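In UniProt numbering, the protein residues as written are 1 to 194.
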């Protein structure tokens with residue numbers, strides 16, 4: 001009887017260790033939607049900024065013992081991204097109108113965007129980005145400067161002075177594409193610790 005209790009005790013301890021130490025980790029992600037929204041950065045007089053975010057589904061899960069501190073989808077997109085295009089109301093490509101931002105990027109300081117239109121006041125982390133082409137390159141290489149590219153981080157882009165107004169966003173992959181409308185109603189962006 002003591003042997004049976006001992007065996008069950010050992011099995012229980014092993015199950016508890018496995019539950020604590022083994023995690024299910026996604027290695028890749030698939031972009032299912034892209035969003036471009038006009039934003040206003042608090043304290044900045046220039047107001048032609050846009051926030052690019054991606055909706056993703058994580059895939060290729062594996063089980064890992066003592067998971068390393070990597071973000072989900074650390075092996076990048078399962079699709080090869082061909083292009084991201086911003087189109088105006090007439091369908092003309094205005095992607096090249098987005099340029100280097102004048103905001104000084106401070107290392108270790110990201111921006112946080114509050115969406116007041118949502119009832120749960122969702123907060124998202126966002127970084128200032130140089131260009132739309134730069135984002136495409138980062139997704140395909142899965143590298144953001146000296147660190148791994150994080151798809152869940154929003155990207156802030158500056159639109160240079162132009163008469164064109166963004167109307168739709170087109171994301172093209174090999175074999176498929178995603179098209180979405182640009183949200184022109186702006187949200188306010190705040191620095192995290194200001």
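For each residue, glycine too, the CB sits at the ideal point set by N, CA and C. Treat the numbers as computed from the prediction; the structure is a model and nothing was measured.
Beta-bridge partners of residue i, as assigned by DSSP
| i | result |
| --- | --- |
| residue 157 | 50 |
| residue 56 | 31 |
| residue 166 | 88 |
| residue 26 | 61 |
| residue 38 | 50 |
| residue 172 | 83 and 177 |
| residue 184 | Partner(s): none; residue 184 has no beta bridge. |
Continuous beta strand (DSSP E) stretch holding residue i: start and end
| i | result |
| --- | --- |
| residue 181 | 176-181 |
Residue i: first and last residue of the uninterrupted alpha helix (DSSP H) it sits in
| i | result |
| --- | --- |
| residue 134 | 132-141 |
| residue 8 | 2-21 |
Residue i classed as buried or exposed, judged by whether at least 16 other C-beta atoms fall within 10 angstroms
| i | result |
| --- | --- |
| residue 171 | buried |
| residue 176 | exposed |
| residue 17 | exposed |
| residue 77 | buried |
| residue 29 | buried |
| residue 6 | exposed |
Supposed contact pair residue j and residue i - C-beta distance, whole angstroms, cut 8 Å
| i | j | result |
| --- | --- | --- |
| residue 150 | residue 71 | 5 Å |
Between the region 160-172 and the region 85-94, do at least 3 Cβ pairs fall closer than 8 Å? Result yes; three or more Cβ-Cβ pairs closer than 8 Å.
Taking contact to mean 3 or more Cβ pairs, one atom from each stretch, closer than 8 Å, check whether the region 50-57 and the region 8-22 are in contact. No, the region 50-57 does not touch the region 8-22.
Tell me whether the region 57-72 and the region 154-164 touch, counting them as touching only if at least three CB pairs, one residue from each stretch, are closer than 8 Å. Counting C-beta pairs closer than 8 Å gives fewer than three between the region 57-72 and the region 154-164, which falls short of the contact rule.
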